[in-house]
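In our numbering, the protein residues as written are 81 to 140. Using N, Cα and C, we set each Cβ at its ideal position, and we do this for glycine too. This report refers to the structure that appears directly beneath it.
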């Protein structure tokens with residue numbers, strides 16, 4: 081596994097399920113096309129898995 085993940089919000093969570101909106105918010109993504117770096121661990125991977133249709137992930 082990589083040391084960090086670069087996560088970018090590429091699709092709006094407006095029409096998403098409230099739980100998915102909360103997950104996007106918890107990842108630190110507030111606006112479209114913004115990027116955050118998060119540690120590569122199972123908790124973050126699980127969050128990404130639940131909103132994989134809204135985000136783009138790169139290993140760094």
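Distance CB(residue 84)-CB(residue 140) smaller than 8 angstroms: Taking the first residue of the chain shown as 1, we reach residue 84 at position 4. Taking the first residue of the chain shown as 1, we reach residue 140 at position 60. It is a contact, given that the beta carbons lie within the stated cut-off.
Residue 131 versus residue 103: straight-line alpha-carbon distance, rounded: For this step, residue 131 is matched to residue 51 along the chain shown. For this step, residue 103 is matched to residue 23 along the chain shown. Approximately 7 angstroms between the Cα atoms of the pair.
DSSP state of residue 135 mapped onto helix, strand, coil: What you label residue 135 is simply residue 55 of the chain shown in a count that begins at 1. Strand, per DSSP.
Residues near residue 91 in its chain [Cβ-Cβ closer than 6 angstroms; skip 5 each side]: For the purposes of this step, residue 91 is taken as the residue at position 11 of the chain shown. Result list for residue 91: 134, in chain order.
Own chain residues within Cβ distance below 8 angstroms of residue 100, not counting five before or after: Here the question's residue 100 lines up with position 20 in the chain shown. Excluding positions up to five away in sequence, the list reads 93, 130, 131 and 134.
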